Amino acid sequence: MKIIDGKAVSNLIKDEIKAEVEGIISKGHKPPHLAAILVGEDGASLTYVGSKVRSCKQIGFNSTLVKLSEDIPESELLKKIQELNDNDDIDGFIVQLPLPRHINEEKVLLAIDPNKDVDGFHPTNFGKMALNMKTFIPATPYGIMELLKRYEIDTVGKHTVVIGRSHIVGRPISILMNTKGSPGDSTVTVVHSRTINIEEFTKNADIIISALGIPDFLNANMIKEGVVIIDVGISRVKDDNHPKGYVIKGDVDFESVKSKASYITPVPGGVGPMTIAMLLKNTLQSREFKS
Ligand code: NAP
Numbered sequence: 613m614k615i616i617d618g619k620a621v622s623n624l625i626k627d628e629i630k631a632e633v634e635g636i637i638s639k640g641h642k643p644p645h646l647a648a649i650l651v652g653e654d655g656a657s658l659t660y661v662g663s664k665v666r667s668c669k670q671i672g673f674n675s676t677l678v679k680l681s682e683d684i685p686e687s688e689l690l691k692k693i694q695e696l697n698d699n700d701d702i703d704g705f706i707v708q709l710p711l712p713r714h715i716n717e718e719k720v721l722l723a724i725d726p727n728k729d730v731d732g733f734h735p736t737n738f739g740k741m742a743l744n745m746k747t748f749i750p751a752t753p754y755g756i757m758e759l760l761k762r763y764e765i766d767t768v769g770k771h772t773v774v775i776g777r778s779h780i781v782g783r784p785i786s787i788l789m790n791t792k793g794s795p796g797d798s799t800v801t802v803v804h805s806r807t808i809n810i811e812e813f814t815k816n817a818d819i820i821i822s823a824l825g826i827p828d829f830l831n832a833n834m835i836k837e838g839v840v841i842i843d844v845g846i847s848r849v850k851d852d853n854h855p856k857g858y859v860i861k862g863d864v865d866f867e868s869v870k871s872k873a874s875y876i877t878p879v880p881g882g883v884g885p886m887t888i889a890m891l892l893k894n895t896l897q898s899r900e901f902k903s
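Position 38 of the sequence shown, counting from 1, maps to 650 under this note's numbering, and the rest follow consecutively.
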């Protein structure tokens, strides 16, 4: 079994982006500028946004963090988004999810200029992705494709089972895996909470991409020998023996599957670090994608 080292690959990608940024600056252009809107004080969101801002600094991007209070009216948030849309100095921005309950996520998503939507969640970009046109690819699925590519994992003609059908991971990765090309060209089955007998599908999979958020869901009895496993899940599990009071767990029971799988992404250190690297890559590519 080989470990797919997402941390190492993400560092490599960041180094590549940093070199490109140096090239941009040496030609007298300004570096890419990524902005993030954070609403409220959710602990996990603060951590994610903090590490996005740190990564920008690391690779020479400009970054702006817009912090808004938990009770901001939806109209004010939409106004802030319009300001970022209109600000020519900003190449791309994200609105960190989840948002407080009183804010309509769909309205927010639609308010973002697709040319600056580096998360790739706007319907225009999602549609372009589905049509295999050049556009922003949502960062987590983009990161998975990049890991498969860099580890030269053969996906062509393979049976890929995706567990989960969310808009940010399951659905887009299922589209990308069956799009023409390599990585891609897979025969894809998507399973979800209403699927009857998931094992029947996972046992026949050459590649399993799990994005459901249930710790240790996938075990050795559910897979065949030699399967490639991409574990997207990130769950905080209470652990009083740990200084933080919790540990991070993936969807896959690593100890159980490790003797059967050919490749596996660990949690943490697999897909997670790739997500930030690909967000930066999308920001770098934003000038190229402008329509
Ligand atoms: P989500 O929106 O909650 O979607 C979960 C999906 O799993 C849904 O499609 C759901 O089915 C399905 N599901 C739930 N219970 C199931 C079951 N018992 N059997 C089969 N399918 C089941 O979650 P998400 O945003 O896609 O995230 C999934 C996991 O990935 C979470 O742990 C999240 O923290 C993690 N994540 C990691 C990264 C990263 O950078 N590594 C990025 C994003 C998300 P229904 O559609 O039928 O409800």
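Every residue, glycine too, gets a C-beta built ideally from N, C-alpha and C. In this text, all values refer to a predicted model and were calculated from it rather than measured experimentally.
Helix, strand or coil at residue i according to DSSP, with G and I counted as helix
i: K856; result: coil
i: V651; result: strand
i: T772; result: strand
i: L711; result: coil
i: I616; result: coil
i: S611; result: Here the chain comprises residues numbered 613 to 903, so residue 611 is not present and cannot be evaluated.
i: K692; result: helix
i: V730; result: coil
i: G782; result: helix
i: D698; result: helix
i: Y763; result: coil
Contact belief for residue i with residue j at Cβ below 8 Å, rounded distance in angstroms
i: S822; j: D843; result: 6 Å
i: A751; j: N894; result: 7 Å
i: I765; j: V839; result: So it is not a contact: roughly 11 Å between Cβ atoms.
For residue i, the residue or residues it bridges with in DSSP
i: N674; result: H645
i: T791; result: Bridge partners of T791: none, in fact.
i: R848; result: I860
i: K679; result: L650
i: T830; result: One point to set straight first is that residue 830 is Leu, not Thr, in the sequence displayed. Its beta-bridge partners are V864.
i: I706; result: A648
Local Cβ density within 10 Å of residue i, reported as buried at 16 or more and exposed below that
i: I693; result: buried
i: T958; result: In the structure displayed, the chain extends from 613 to 903; residue 958 sits before or after that span and is not available.
i: P735; result: exposed
i: M613; result: exposed
i: P855; result: exposed
i: H645; result: buried
i: T772; result: buried
i: D703; result: buried
i: P753; result: buried
i: G755; result: buried
i: R899; result: exposed
Other residues of its chain near residue i: CB distance less than 8 Å, five sequence neighbours each side excluded
i: G845; result: S822, A823, L824, G825, I826, P827, F829, K861, G862, D863, V864 and V879
i: I911; result: What is shown of the chain runs 613 to 903, which leaves residue 911 out entirely.
i: L658; result: L650
i: K815; result: M834, I835 and K836
Same chain, Cβ closer than 7 Å to residue i, five either side skipped, listed in chain order
i: S794; result: T767 and V768
i: L721; result: F733 and H734
Close-in-space but distant-in-sequence residues of the same chain around residue i (CB under 6 Å, 5 per side omitted)
i: S868; result: N831 and A832
i: A889; result: S622, I625 and K626
i: I787; result: A742
i: T799; result: H771
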